[in-house]
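Peer 1: In terms of our numbering, the sequence shown is numbered consecutively and its last residue is 365.
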Amino acid sequence: MTLSNAIQHFLLSRSTPNKLVSTHKTFTSVKFHQTRCQASNRLTVNYPLGLFILISIVLPAVRTLCNGNRCWRSCSCSRMAGFITTRAISSTPAVMAMIPGIYKHHRCRNNVYPRCDVRRYPVPDESVFWSQPYPDYQPPLYEAAVLKDKEWADLDVDDPAFVGKWNQLDGVVNRVSFVGEYEVRDGFPMNMFGRTGLRGRGLLGRWGPNHAADPVVTKWKVDQDGKPVVSETSGRRLLQMCAIERHDCGEWAIPGGMVDPGEKVSATLKREFMEEALSSSSDTEEIERFFSGGKEIYKGYVDDPRNTDNAWMETVAVNFHDEDGSIVGRFNLHAGDDAAKVKWMDVDSGVKLYASHANIVRRVVDALDAHW
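Structure representation (C-alpha cells):
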C-alpha cells in the first residue's frame, strides 16, 4: 500500500462515526503537490496532508498538554483544526462531522425563530464560535408560552425552585451531552457549537441538551415485479426510507421524537415509529422483533432550527433495515397525530429533509452501499 493510499484509509476511518462510509463510494482525496512558488520559492503541500499530521501528531500532543478530555472539549486549543479541509471524490460532498469549533450550524442562525415573529440577532460565519470575539453580540431572549407549567419542561433558570445539575444525570433528566462537556456561564448552559442569535430555550423544554431518538427505517425499492430497482448512473440499488411530513413546518423528516425522562432510547425509537408511521392494526409482535435489532449510525448534535444559545437538540439515530421488505415493508403506513403525512421516500442526493436529517440518511446510504 502506498503512503497516499494509507493516508486515504486513515482519514476515512476518522471521518465518520462507526466507520460506516463505503470506501469505494466516498473517499478523501490525498495528493501531494510539490510546486515551487514563483514569489517565495516555498514548498506547498495540500490540506489533507495537514489533516493527517494534525490528527496523528498535533492533536494528541494538545490533548496531553490540556491535561485530559475535559479541557480538550472546551478550550480554544481545539480551534486550530478549523483551517483544515478535505475533498470527497463523489457526486456530492462527504458527510461533515459535527465537531465543536469546526462545524458551523446554519439552520439555527440568521432567520426568524419557528412559530413566532422573533428574529435572531445576526451571526456571520466568522463569529459563530464563542472563541471568536463578537463585542456587539446582543441576542434577544425568547421563551415560548407553551413551556409554562409543563411537566416535560424545566423551570426558568432564575426560578429559586430550579437547581440544574449540569453535565450529569439530574434525577431522571439526562443533562449529559453526547458531544462532550459544555460550559455554564452565569447559570446558563452554553451551546458548544456557538452562537445562534437567540438566548433562552425557545421552544425546547430543557436547558442544555434536549435528547431525541430517530429511527431511520429503510427498505430497497422494487418494481411491480418485485425486482430491485437499480440506478442507471451509479449502478447501485435505490433505497427508500419511511418519512413523515411535520405538522409544524411542512418539511419531510425522520419519524423521531423526544426521549422521555428515564426512558431507554430503544423504547423511544420503537414508540415514535409506531405512533407516527404505523396503524394500530400492525403486527405488534413482528414489529417488536424488527426493532430489537438496528445499527446506530449517529449520536450527537442536530443543526435544528429550534436551537438557541442555551438549549439545543441532540439525537441518537438508528437504522432499521428491512432487507427483503417482508416486515415493515408490507405494512400500510399511517400518519399519526404528530405527522401530517407519511410515505416511503426515495433516497438520493436531492432529498430535502428537516434540520440535519439528510446528513443522517446519507450515513445510512453509505453503510448499505446504496445509490445517492
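We put the beta carbon where it would ideally sit given N, CA and C, even for glycine.
What three-state label does DSSP hand Val139 in the structure shown?
Peer 2: Translated into the one-based positions of the sequence shown, residue 139 becomes position 146. In the structure shown, Val139 sits in a helix (DSSP, three-state: H, G or I).
Peer 1: Taking the alpha-carbon positions, what's the Arg199 to Asp339 distance?
Peer 2: Residue mapping note: residue 199 aligns to position 206 of the sequence shown, counting from 1. Residue mapping note: residue 339 aligns to position 346 of the sequence shown, counting from 1. If you take the alpha carbons of Arg199 and Asp339, they lie about 34 Å apart.
Peer 1: In terms of DSSP beta bridges, what is Cys235 paired with?
Peer 2: In the sequence shown, residue 235 corresponds to position 242, counting from 1. DSSP, once it has assigned bridges, lists Trp337 as partnering Cys235.
Peer 1: Are any of the Cβ atoms in chain D nearer than 8 Å to that of Gly287?
Peer 2: No chain D is part of this structure, which consists of one protein chain only.
Peer 1: Which whole-angstrom value describes the C-beta separation of Asp296 and Ser342, a residue pair presumed to lie in contact below a C-beta threshold of 8 Å?
Peer 2: What you label residue 296 is simply residue 303 of the sequence shown in a count that begins at 1. What you label residue 342 is simply residue 349 of the sequence shown in a count that begins at 1. Not a contact, Cβ separation roughly 18 Å.
Peer 1: Using DSSP bridges, identify the partner residues of Asn312.
Peer 2: For the purposes of this step, residue 312 is identified with residue 319 of the sequence shown, where counting begins at 1. BP columns for Asn312 point to Val209, Lys288.
Peer 1: If you follow the beta strand (DSSP E) that Arg194 is in, where does it begin and where does it stop?
Peer 2: In the sequence shown, residue 194 corresponds to position 201, counting from 1. 192 to 195 is the span of the beta strand (DSSP E), which, as asked, contains Arg194.
Peer 1: Note down, in chain order, each residue of its chain lying with its Cβ closer than 8 Å to the Cβ of Met183, except the 5 sequence neighbours on either side.
Peer 2: Position 190 of the sequence shown holds residue 183. Excluding sequence neighbours, Met183 sits near Trp123, Tyr175, Glu176, Val177, Asp302, Asn303.
Peer 1: Could you check if Gly201 is buried or exposed, using at least 16 other CB atoms within 10 Å of its CB as the buried criterion?
Peer 2: Here residue 201 is taken as the residue at index 208 of the sequence shown, counted from 1. Result: buried.
Peer 1: Check for me: the alpha helix (DSSP H) holding Lys97 runs from which residue to which?
Peer 2: As a position in the sequence shown, residue 97 is number 104, starting the count at 1. Taken as a continuous stretch (DSSP letters only), Lys97 belongs to no alpha helix (DSSP H), as it is neither H nor E.
Peer 1: Given a cut-off of 8 Å, decide if Met185 and Pro126 are closer than it, judged by their beta-carbon atoms.
Peer 2: In the sequence shown, the residue the question calls residue 126 occupies position 133. In the sequence shown, the residue the question calls residue 185 occupies position 192. Contact: no.
Peer 1: Using only the alpha-carbon positions, how far apart do Glu265 and Ala351 sit?
Peer 2: Position 272 of the sequence shown, counted from the first residue, corresponds to residue 265. Position 358 of the sequence shown, counted from the first residue, corresponds to residue 351. Their backbone Cα atoms lie some 19 Å apart in a straight line.
Peer 1: DSSP has Asn367 in a bridge; who is on the other side?
Peer 2: One cannot answer for residue 367 here, as it falls past the ends of the chain, which runs -6 to 365.
Peer 1: Beta-carbon separation of Val116 and Asn103 under 8 Å?
Peer 2: Locating residue 116 in the sequence shown gives position 123, counting from the first residue. Locating residue 103 in the sequence shown gives position 110, counting from the first residue. Yes, the Cβ-Cβ distance between Val116 and Asn103 is below 8 Å.
Peer 1: Is the stretch 209 to 217 in contact with the stretch 227 to 239, if contact means three or more CB pairs nearer than 8 Å?
Peer 2: Yes, the stretch 209 to 217 touches the stretch 227 to 239.
Peer 1: Among Pro133, Arg112, Lys97, Glu136, which has the Cα closest to the Cα of Gly118?
Peer 2: The count along the sequence shown starts at 1 and reaches residue 118 at position 125. It should be noted that the sequence gives Asp, not Gly, for residue 118. With distances taken between Cα atoms, Asp118 lies closest to Lys97.
Peer 1: Our contact map puts Thr269 next to Ile237 with C-beta atoms below 8 Å; I'd like the distance itself, whole angstroms only.
Peer 2: Start at 1 with the first residue of the sequence shown, and residue 269 comes out as number 276. Start at 1 with the first residue of the sequence shown, and residue 237 comes out as number 244. One detail in the question is off: residue 269 reads as Glu in this sequence, not Thr. Confirmed, about 5 Å.
Peer 1: Does the distance from the C-beta atom of Ala310 to that of Tyr294 stay below 8 Å?
Peer 2: On the sequence shown, residue 310 is found 317 positions in, with the first residue counted as 1. On the sequence shown, residue 294 is found 301 positions in, with the first residue counted as 1. Going by C-beta atoms, Ala310 is not nearer than 8 Å to Tyr294.
Peer 1: On the CB-based measure, 16 or more other CB atoms within 10 Å of its CB, does His240 come out buried or exposed?
Peer 2: On the sequence shown, position 247 is the one that residue 240 refers to. Exposed, because fewer than 16 other Cβ atoms sit within 10 Å of the Cβ of His240.
Peer 1: Are there 16 or more other CB atoms within 10 angstroms of the CB of Asp207, so buried, or fewer, so exposed?
Peer 2: Sequence index remark: in the sequence shown, residue 207 carries index 214 (1-based). Buried is the call here.
Peer 1: Using DSSP with H/G/I as helix, E/B as strand and the rest coil, what is Met251?
Peer 2: Translated into the one-based positions of the sequence shown, residue 251 becomes position 258. Note: Met251 maps to strand in three-state DSSP.
Peer 1: Less than 6 Å between C-beta atoms, sequence neighbours within five positions excluded: which residues of the same chain meet that for Trp245?
Peer 2: Locating residue 245 in the sequence shown gives position 252, where the first residue counts as 1. Answer for Trp245: Ala236, Glu238, Leu346, listed in chain order.
Peer 1: Please look up how many angstroms separate the CB atoms of Lys257 and Phe284, rounded, as I've assumed it's under 8 Å.
Peer 2: For the purposes of this step, residue 257 is taken as residue 264 along the sequence shown, with counting starting at 1. For the purposes of this step, residue 284 is taken as residue 291 along the sequence shown, with counting starting at 1. In fact, because the Cβ distance is near 12 Å, the residues do not count as touching under 8 Å.
Peer 1: Counting Cβ pairs closer than 8 Å, one from the stretch 189 to 198 and one from the stretch 135 to 142, do we hit at least three?
Peer 2: Flag = yes, the stretch 189 to 198 and the stretch 135 to 142 touch.
Peer 1: Looking only at its chain, what residues have a beta carbon closer than 7 Å to the beta carbon of Ser224, apart from the 5 residues adjacent to it on each side?
Peer 2: Your numbering for residue 224 matches position 231 in the sequence shown. Excluding residues within five positions, the ones whose Cβ falls inside 7 Å are Leu231, His364.
Peer 1: Cα-Cα, which of Val169, Val165, Val111, Asp151 is closest to Trp159?
Peer 2: Counted from its first residue, the sequence shown places residue 159 at position 166. Checked all of Val169, Val165, Val111, Asp151; the closest Cα to Trp159 is Val169.
Peer 1: If you draw a straight line from the alpha carbon of Gly164 to that of Glu144, how long is it in whole angstroms?
Peer 2: By 1-based counting over the sequence shown, the position of residue 164 is 171. By 1-based counting over the sequence shown, the position of residue 144 is 151. The alpha-carbon atoms of Gly164 and Glu144 are separated by roughly 14 Å.
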